[in-house]
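**Q** Chains as they are written, first to last, in this note's numbering: chain A, 1 to 676; chain B, 1 to 676.
For every residue, glycine included, the Cβ atom is placed at its ideal position computed from N, Cα and C.
1. Please report the straight-line C-alpha distance between residue 259 (chain B) and residue 402 (chain B), rounded to a whole angstrom.
2. Residue range of the beta strand (DSSP E) that residue 200 (chain B) falls in?
3. With respect to the alpha helix (DSSP H) encompassing residue 189 (chain B), which residues constitute its N-terminal and C-terminal limits?
4. Closer than 8 Å, CB to CB, is residue 171 (chain B) near chain A or not?
5. CB of residue 218 (chain B) to nearest heavy atom of the ligand SAH: below 7 Å?
6. So if DSSP puts residue 667 (chain A) in a beta bridge, which residue, or which two residues, is it bridged to?
7. Assuming the contact rule is C-beta atoms closer than 8 Å, residue 200 (chain A) and residue 36 (chain A) should be a hit. Round their C-beta distance to whole Å, please.
8. Considering only C-alpha positions, which residue in the set A:527, A:573 and A:475 is nearest to residue 674 (chain A)?
9. My parser needs the beta strand (DSSP E) runs of 3 or more residues fully inside the segment 23-49 of chain B; what are they?
10. Exposed or buried, residue 74 (chain A), counting other C-beta atoms within 10 Å across all chains shown (16 or more means buried)?
11. What's the gap between the Cα of residue 256 (chain A) and the Cα of residue 230 (chain A)?
12. With a cut-off of 8 Å on the beta carbons, I'd call residue 623 (chain A) and residue 533 (chain A) a contact; round off their distance for me.
13. Beta carbon of residue 134 (chain A), beta carbon of residue 68 (chain A): below 8 Å?
14. Tell me the residue span of the alpha helix (DSSP H) that contains residue 686 (chain B).
15. Evaluate residue 463 (chain B) with the Cβ neighbour count: other Cβ atoms within 10 Å of its Cβ, from every protein chain shown; 16 or more gives buried, anything less gives exposed.
16. Please list, in chain order, the chain B residues whose beta carbon lies closer than 7 Å to that of residue 119 (chain A).
17. Which residues mark the beginning and the end of the alpha helix (DSSP H) in which residue 574 (chain B) is found?
18. Can you tell which of B:80, B:550 and B:399 has its C-alpha closest to the C-alpha of residue 492 (chain B)?
19. Would you call the CB atoms of residue 443 (chain B) and residue 460 (chain A) closer than 8 Å?
20. Run down chain A in chain order and give the residues with a C-beta less than 7 Å from the C-beta of residue 264 (chain B).
21. Which residues does DSSP pair with residue 166 (chain B) in a beta bridge?
22. Just verifying my parser: in three-state terms, what is the DSSP assignment at residue 133 (chain B)?
23. Less than 8 Å separating the beta-carbons of residue 172 (chain B) and residue 410 (chain A)?
24. Please report the straight-line C-alpha distance between residue 596 (chain A) and residue 115 (chain B), rounded to a whole angstrom.
25. Can you tell me which of B:375, B:589 and B:620 puts its alpha carbon nearest to the alpha carbon of residue 603 (chain B)?
26. Around the C-beta of residue 467 (chain A), are 16 or more other C-beta atoms found within 10 angstroms, so that it is buried, or is it exposed?
27. What does residue 447 (chain B) reach in chain A if we use C-beta pairs closer than 7 Å?
28. Run down chain A in chain order and give the residues with a C-beta less than 8 Å from the C-beta of residue 467 (chain B).
29. What does the alpha-carbon distance come out to for the pair residue 488 (chain B) and residue 204 (chain A)?
30. Quick one: list the residues of chain A neighbouring residue 139 (chain B), beta-carbon separation under 8 Å, in chain order.
31. Between which two residues does the alpha helix (DSSP H) harbouring residue 446 (chain A) extend?
32. Quick check: the segment 381-389 of chain A against the segment 414-432 of chain A, are there 3 or more CB pairs under 8 Å?
33. Since residue 391 (chain A) sits in a beta bridge, which residues does DSSP pair it with?
34. Could you tell me the distance, in whole angstroms, from the CA atom of residue 45 (chain B) to the CA atom of residue 246 (chain B)?
35. Can you find a C-beta in chain A that's less than 8 Å from the C-beta of residue 241 (chain B)?
36. Hey, which unbroken runs of the beta strand (DSSP E) at 3 residues or more fall wholly within the segment 230-256 of chain B?
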């Protein structure tokens, strides 16, 4: 049972088992049809049956212009210098319009009849002459002031039959197929359906999905949290996913880890839902009740699927007889508790199921092939869902892998797509092509500025402002040197860098010459900023200087190799003749200033080198030590591109400069200066 | 006023005038901010402010596994043959977890503490060993049955610090920017916002849009119609568009063409809406009140824009003072009455306005460059919105222009995108590249079967069934010969053809040899079908044969040149030695069987040659004359493609064959036979 560790089966097999069980239970197609009024609430619903035109559109011969309905043959002789005069027939009401021409058609010859755009053309007429092409005449043959109600009209050109008439059925002919079943209704579809005579529409019933969060450690959104408490938001994400895929979602209250309570709630939820999502409790830990619950209520089909993240998925069918259907079965999906696993499990198992229940056609994702910016390893045997940021840099479409942690929901927030590494692929080198299933449009990718390098809080402010100007700033934090390497490989539009040359005391230029000998770049100052030691409020250990870092009672948290802050530390350790090995925690690396601050804030370390803003963000004290310059390094080919223009303009925007200057330890006096 | 024909101004100028007026009125940015609960209803709303993390996530050091929290340094000496034993500390409650290590750290050395996944790691510990990597021991040093509650654990490998721990802020660090303003909330975003401590979210207020249909000729959806009645569905399309763009839509009842009534209703609607859409009444016809209404209530900015369709657009700002804002102004857009014009006007003017009011970033459409399949002409000076079907045939991305009629809503329903021909372009030849703004994903285009040629009702049934199998069948009706020409140019995956060779009496093969000498094709029989004369119910004129077509009291409606039915007629006219010029209406061409049937049904013609199904569809009588074969001509390169596989399978699907056989005059005995 829960102590037996789950045995992952291949994804395809899991899908097949589920499909077979659904087919056996008669639950594979559209769940039901409902007839709803044809109004704006029908938007997004899925047609359960094809729509055929009840009436033609137009349903009568309609004038396409304001003008005079005539018989084309009466105009045959009209020429510029040989005008034809047609008497205007007075309006006689609808009857006139519908009547067939009189038995001796001749009596009607030589008539014209005023019609507005959209008016029916009398049956005796077969053409319309636009009002601007006739001369209105009065009884005496002079020009009439009554453009629309003259006694007669004079025309100086023949008109071909059916000109300026929208014939019956121009748009839709009665009985014609207008839209197929399985079509998701868009605004114009509603118009077409109304236009061919329908006032209701038969659509697939919305699948009803129950979402049951379980776990004693969970607390609802909005409550204060203590260590060990987990904010329950998976049900929120799942509900929103279900809604966006066309289902109805009901979120249940949190059920604690009590077998009977979970079982009873699942049974209850199954009664009036088509699918039960049982969240959490599917890891091998002590909360693992889902599999037992499913087994006790029906059949456990799958416990563990070879996908990462998300492998502890449970699939089952439970019995939920009802009056009309004593054999009724309801599928249950045990969704893993980690947020990324939960969201991806829903994409893999819930979305296709809802699509089938709605009768939607199989959908292929939008995909692109992109180059990995760094190597990845992948668990053998698992299908691996790698979240990536995607950007177009020059000719290259790049995929930068994001955090792999299944608890890191921001990896999905930041993801532009998913690269699915098939089972059997154990890893891929940097530069390898991967197929990315896109979450965004390609147009979105084209307006993405790909920044790889050192991170600075200013970049967040920048991203915020650029969003308004139609640019996305995707930044990967790999440190200053990593950024220059990315530029050399043509894998970024710009790199943030604050690399001190220990020889010259100059920032960045030495390194640029070294790393980018063949890439012409501009270097633009972003900010001057203070670096110093981050310490807990009140500085309990009295840390004042670099020398204090070798004290035996002091533990340090470092930045990663290649980070400008790391170079700065090494420079000063060198100046002081200190051995890095004397610094306890020197080998512990974090990738951002905020992560260093978090380490200090949590007590994991006593201090770290970083910027004042990071200290302020986490309510730490700051021991200022050095002033440094943080520049943007931009290859010349992007410097003058449309893509980057809003970013460069931003550096001269007083509001933005003010917002940056307000950050503690920031100096904007050189912002926007072109260094080289 | 309304008699003065409108003067179209360039689109860009119209947009600028509107923007200036909105800016002057202080109505260009986000209209307001509201704080809403963070639940699934927040989906799709747009952030009015950036979201910053209130708390870190995780907000404590969390175990990433079920296992034992330890100090890494206590495990340093463990090796396979040199195990280390750590005593298990009993659970002491939350206090234990939060307490700092005792003053003399040594006392705590050598301890382990059981944690479930997600549990806080005690502050004295800095690593977790997964439960499967330890040997649980009992008091006596034997293996314990209590895997999670042993007296001690034995380990045979050292663990590095921080292994299997999710440190504070791994996902989000307090104060960090999580999402920028102007971001439209997706399911995972809701999770991230909840995970960093929010329970509400501040979003842009939904713009409130009033939609006022006007026109005495309009009747609401669902009412019986008489000639001259127009089913009012523009307000439905506009409302659905507004909703899909993030606004709130209120549809008003139809207002008749009475100046005072329209004026009063606009004034009323402006009071509690941010935008008034005044539909119809903006052509130059007798219903033209919109401009006068706008002038009477405020300022008319634009009357007529150089775009097709949609040029009679009206833009204005009206005064609508309220308690808090005596200067309040509300924009009014006069939307043209033709359905295509109305929908495109909304895309051009309403969508960007709503986007600004919601604070959404400028969006670029997804575009592709495709080749026109036929030449188009375009009005000089106008920006021309050409609806196109888009399909990928081999290497070619093709854009087939759809109906240009602004009353043809199905042209928008069928459109895969819009080719915008700039003002100044007076037309483009076949094969010209055009930039298409896509309504569909590229993935959709890849699953589109592009059929150009003769139309048969079976193709509609086929389209319907293929939709379920993930294929779209886009068919352009250009007649049998037109289809073969399209295949020669590589512009279709298949062509429907029923071309009789007058010499051999054989179908299609002669023409294929002639039109496609260098293109290897398969010819697959689709159906045998009866062709005959379509006549009104009861056959009032007693039409029995081709010979009757030259009777002076009989008017005929023909099919277009190149249509198989036209070839059939010409063949039999030739056999009988009849002169086509004797047939009244021979020159009047329709493009489909249904259009011919509609012409007969409406009394526009007495008869036409066509198929029995078309007669039945429009409740006509049918005089059967000939039996003919309708084939699918498929280039070999597509015949065995994945794309076409579902279509070829369908020909052997008993259900499909039965559905076709049920059509009057259809014979499916040869369906699926490969002729060559």
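**A** By the coordinates alone:
1. Residue numbering aside, residue 259 (chain B) sits at position 259 when the second chain is read from its first letter. Residue numbering aside, residue 402 (chain B) sits at position 402 when the second chain is read from its first letter. Across the structure, residue 259 (chain B) and residue 402 (chain B) are spaced so that their CA atoms are roughly 37 Å apart.
2. Taking the second chain and counting its residues from 1, one reaches residue 200 (chain B) at position 200. Boundaries of the beta strand (DSSP E) around residue 200 (chain B): 200-204.
3. Locating residue 189 (chain B) in the second chain gives position 189, counting from the first residue. Taken as a continuous stretch (DSSP letters only), the alpha helix (DSSP H) holding residue 189 (chain B) covers 187-195.
4. Translated into positions along the second chain, residue 171 (chain B) becomes position 171. Taking CB atoms only, residue 171 (chain B) has a neighbour in chain A less than 8 Å away.
5. Absent from the structure shown: the ligand SAH. Ligands present: none.
6. Within the first chain, residue 667 (chain A) is the residue found at index 667, counting from 1. Its beta-bridge partners are A:528.
7. Sequence index remark: in the first chain, residue 200 (chain A) carries index 200 (1-based). Sequence index remark: in the first chain, residue 36 (chain A) carries index 36 (1-based). Confirmed, about 6 Å.
8. If you number the first chain from 1, residue 674 (chain A) lands on position 674. Answer by Cα proximity: A:527.
9. Counting only runs of 3+ residues, the beta strand (DSSP E) found wholly inside the segment 23-49 of chain B occupies 33-37, in chain order.
10. Looking up residue 74 (chain A) in the first chain gives position 74. It counts as buried.
11. In the first chain, residue 256 (chain A) corresponds to position 256, counting from 1. In the first chain, residue 230 (chain A) corresponds to position 230, counting from 1. Straight-line Cα distance between these residues: approximately 13 Å.
12. Counting from 1 along the first chain, the entry for residue 623 (chain A) is found at position 623. Counting from 1 along the first chain, the entry for residue 533 (chain A) is found at position 533. Under the criterion of beta carbons closer than 8 Å, residue 623 (chain A) and residue 533 (chain A) qualify as touching, at roughly 4 Å.
13. In the first chain, counting from the first residue as 1, residue 134 (chain A) sits at position 134. In the first chain, counting from the first residue as 1, residue 68 (chain A) sits at position 68. Pairing residue 134 (chain A) with residue 68 (chain A) gives a Cβ-Cβ distance under 8 Å.
14. Residue 686 (chain B) is absent from the structure shown; chain B starts at 1 and stops at 676.
15. As a position in the second chain, residue 463 (chain B) is number 463, starting the count at 1. Counting Cβ neighbours within 10 Å, residue 463 (chain B) comes out buried, since at least 16 surround it.
16. Along the first chain, one-based indexing puts residue 119 (chain A) at 119. Within 7 Å Cβ-Cβ: 228.
17. Numbered from 1 along the second chain, position 574 holds the residue referred to as residue 574 (chain B). Residue 574 (chain B): member of the alpha helix (DSSP H) spanning 564-575, first to last residue.
18. By one-based count along the second chain, residue 492 (chain B) stands at place 492. For residue 492 (chain B), the closest of B:80, B:550 and B:399 by C-alpha to C-alpha distance is B:399.
19. The count along the second chain starts at 1 and reaches residue 443 (chain B) at position 443. The count along the first chain starts at 1 and reaches residue 460 (chain A) at position 460. Cβ atoms of residue 443 (chain B) and residue 460 (chain A): not closer than 8 Å.
20. If you number the second chain from 1, residue 264 (chain B) lands on position 264. Under the 7 Å cutoff, chain A gives no residues; its nearest Cβ is about 24 Å from residue 264 (chain B).
21. Position 166 of the second chain, counted from the first residue, corresponds to residue 166 (chain B). Answer is B:62.
22. Position 133 of the second chain, counted from the first residue, corresponds to residue 133 (chain B). Helix at residue 133 (chain B).
23. Start at 1 with the first residue of the second chain, and residue 172 (chain B) comes out as number 172. Start at 1 with the first residue of the first chain, and residue 410 (chain A) comes out as number 410. Closer than 8 Å, so yes.
24. Translated into the one-based positions of the first chain, residue 596 (chain A) becomes position 596. Translated into the one-based positions of the second chain, residue 115 (chain B) becomes position 115. Roughly 25 Å separates the two Cα atoms.
25. In the second chain, the residue the question calls residue 603 (chain B) occupies position 603. With distances taken between Cα atoms, residue 603 (chain B) lies closest to B:620.
26. Taking the first residue of the first chain as position 1, residue 467 (chain A) is located at position 467. Residue 467 (chain A) is buried by the Cβ-count criterion.
27. Working through the second chain from its first residue, we reach residue 447 (chain B) at position 447. The contacting residues are 364.
28. Taking the first residue of the second chain as position 1, residue 467 (chain B) is located at position 467. Within chain A, the residues near residue 467 (chain B) are 180, 181, 182, 183 and 361.
29. Locating residue 488 (chain B) in the second chain gives position 488, where the first residue counts as 1. Locating residue 204 (chain A) in the first chain gives position 204, where the first residue counts as 1. Whole-angstrom Cα-Cα distance: 42 Å.
30. One-based indexing of the second chain puts residue 139 (chain B) at position 139. When 8 Å is used as the limit between beta carbons, residue 139 (chain B) is near no residue of chain A, the shortest such separation being about 22 Å.
31. As a working mapping, residue 446 (chain A) is identified with position 446 in the first chain. 442-446 is the span of the alpha helix (DSSP H), which, as asked, contains residue 446 (chain A).
32. The segment 381-389 of chain A is in contact with the segment 414-432 of chain A.
33. In the first chain, the residue the question calls residue 391 (chain A) occupies position 391. In the DSSP output, where bridge partners are listed per residue, residue 391 (chain A) has A:398.
34. For the purposes of this step, residue 45 (chain B) is taken as the residue at position 45 of the second chain. For the purposes of this step, residue 246 (chain B) is taken as the residue at position 246 of the second chain. Answer to the nearest angstrom: the Cα atoms are 7 Å apart.
35. Taking the first residue of the second chain as position 1, residue 241 (chain B) is located at position 241. Taking Cβ atoms only, chain A reaches closer than 8 Å to residue 241 (chain B), which makes this a yes.
36. If we require 3 residues or more, the beta strand (DSSP E) runs fully inside the segment 230-256 of chain B come out as 230-232 and 248-251.
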